[in-house]
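Visitor:
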Amino acid sequence: MVSQRKPTSTRFLLIVGGREATWKGLQKAIKQEARYLTLVAQTGEEAIHFARNIQPSLVLIPYHLPNLNGMELYRRLKTIAPEKVLPAIMIMKEGEKMHHEHLSDLHLLEEPYSLDTLFQLLKHLSKG
Numbered sequence: 003m004v005s006q007r008k009p010t011s012t013r014f015l016l017i018v019g020g021r022e023a024t025w026k027g028l029q030k031a032i033k034q035e036a037r038y039l040t041l042v043a044q045t046g047e048e049a050i051h052f053a054r055n056i057q058p059s060l061v062l063i064p065y066h067l068p069n070l071n072g073m074e075l076y077r078r079l080k081t082i083a084p085e086k087v088l089p090a091i092m093i094m095k096e097g098e099k100m101h102h103e104h105l106s107d108l109h110l111l112e113e114p115y116s117l118d119t120l121f122q123l124l125k126h127l128s129k130g
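In structure tokens, the structure reads:
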């Protein structure tokens, strides 16, 4: 008899880049408040590798990354499973202008931001 696995309701949040002190604090707060399991990718290439293996529910991406910008990384992540919705929060510097096409699954968050603001956005995105 083959056992059937129940669908998992685990939600993975992929955090890309940033300073270690920043993402460690975010990981702890997000796990407690937003109930996501978090995984941190140091580079865009590592984020792509992780996304192929875990299929994140949500991605937190800084606009400025070494070797490619956050928009390009988001486009690449979307090609991994184009049939699935992949909400993302793009972190921008205060007052920064970004030219991008309107993407309904991409939400901009300007630095500095409060954890409350981030949690409200996570809650909104988790409702789907």
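Going by our numbering, the first residue of the sequence shown is number 3, and it counts up by one from there.
Glycine included, every Cβ here is placed at the ideal spot set by N, Cα and C.
Nothing here was measured: the structure is a model prediction, and the numbers come from that model.
Assuming the contact rule is C-beta atoms closer than 8 Å, THR24 and LYS33 should be a hit. Round their C-beta distance to whole Å, please.
Guide: As a position in the sequence shown, residue 24 is number 22, starting the count at 1. As a position in the sequence shown, residue 33 is number 31, starting the count at 1. Incorrect: roughly 15 Å between the Cβ atoms, too far for contact.
Visitor: ILE82 and ILE50 - do their beta-carbons sit closer together than 9 Å?
Guide: Residue 50 sits at position 48 when you count from the first residue of the sequence shown. Residue 82 sits at position 80 when you count from the first residue of the sequence shown. Contact flag set, yes.
Visitor: Bridge partners of THR24, per DSSP?
Guide: As a first step, residue 24 is located in the sequence shown; it is residue number 22 there, counting from the start. Answer is none; THR24 lacks a bridge partner.
Visitor: Since ALA36 and VAL61 should fall inside the 8 Å C-beta cutoff, what is the C-beta to C-beta distance between them, to a whole number of angstroms?
Guide: The sequence position of residue 36 within the sequence shown is 34, counting from 1. The sequence position of residue 61 within the sequence shown is 59, counting from 1. About 14 Å; that fails the 8 Å criterion.
Visitor: Quick check on HIS66: does DSSP put it in helix, strand or coil?
Guide: For the purposes of this step, residue 66 is taken as the residue at position 64 of the sequence shown. DSSP places HIS66 in coil when its eight states are reduced to three.
Visitor: Let's see if you can read the secondary structure: which residues bound the alpha helix (DSSP H) around THR81?
Guide: As a working note, residue 81 is residue 79 in the sequence shown. Element bounds for THR81: 72-82.
Visitor: What did DSSP end up calling ALA53 once you bin it into helix, strand or coil?
Guide: Counting from one through the sequence shown, the residue named residue 53 turns up at place 51. ALA53: helix per DSSP, three-state reduction.
Visitor: Quick check on this structure: which residue in ASN71, LYS30, ALA31 and LEU28 has the alpha carbon closest to the alpha carbon of GLY46?
Guide: By 1-based counting over the sequence shown, the position of residue 46 is 44. Considering only alpha carbons, the answer is ASN71.
Visitor: At what residues does the beta strand (DSSP E) containing LEU39 begin and finish?
Guide: Counting from 1 along the sequence shown, the entry for residue 39 is found at position 37. It spans 39-43 - the beta strand (DSSP E) in which LEU39 sits, taken as one unbroken run.
Visitor: Using the Cα positions of TYR115 and SER106, report the straight-line distance between them to the nearest angstrom.
Guide: As a working mapping, residue 115 is identified with position 113 in the sequence shown. As a working mapping, residue 106 is identified with position 104 in the sequence shown. Distance between the alpha carbons of TYR115 and SER106 is about 21 Å.
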